[in-house]
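Asks:
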Amino acid sequence: MKKVLVIDDDVLLVRLIEYNLSQVGVEVIKAYTGYEGISLARTRHLVKHQFRESDDDIKWSAQFV
Numbered sequence: 001m002k003k004v005l006v007i008d009d010d011v012l013l014v015r016l017i018e019y020n021l022s023q024v025g026v027e028v029i030k031a032y033t034g035y036e037g038i039s040l041a042r043t044r045h046l047v048k049h050q051f052r053e054s055d056d057d058i059k060w061s062a063q064f065v
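FYI, in full-length UniProt numbering the residues of the sequence shown are 1 to 65.
1. Pick helix, strand or coil for V6, following the three-state DSSP scheme.
2. Do V14 and V4 have their CB atoms nearer than 8 Å?
3. When DSSP labels each residue in this structure, what does V14 get in the three-state scheme?
4. Can you give the Cα-Cα distance for R44 and A31, rounded to whole angstroms?
5. Taking all protein chains shown into account, decide if G25 is buried (16 or more other Cβ within 10 angstroms of its Cβ) or exposed.
Here's what the structure looks like:
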C-alpha cells in the first residue's frame with residue numbers, strides 16, 4: 001500500500017485529503033505541525049516530496065533535510 005504524509009494545521013483539510021486518498025488505497029499519515037511532520041518523516045523513513053506555498057516555507061524546511 002502506498003503511503004503519504006500530509007502536514008497542515010487545517011484539520012478539516014487534512015481529513016478531506018485523507019478521505020479522498022483512502023478511497024484510492026493510499027494510507028495517509030497525518031501531522032498538524034511542521035515539527036510533528038518532520039518527526040514522523042524521520043521515524044517512518046518516508047520519501048519526501050514537498051508542495052510549498054511560499055519561499056519562506058522552503059527555507060524553513062531546508063534546515064531539516
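Note that CB positions come from ideal geometry on N, CA and C, so glycine has one too.
Replies: In terms of the structure at hand:
1. Here V6 sits in strand by DSSP.
2. No, the Cβ-Cβ distance between V14 and V4 is not below 8 Å.
3. In the displayed model, V14 falls within a helix according to three-state DSSP.
4. Each residue's Cα considered, the two are about 13 Å apart.
5. Residue environment analysis places G25 among the exposed positions, since fewer than 16 neighbouring C-beta atoms fall within 10 angstroms of its C-beta.
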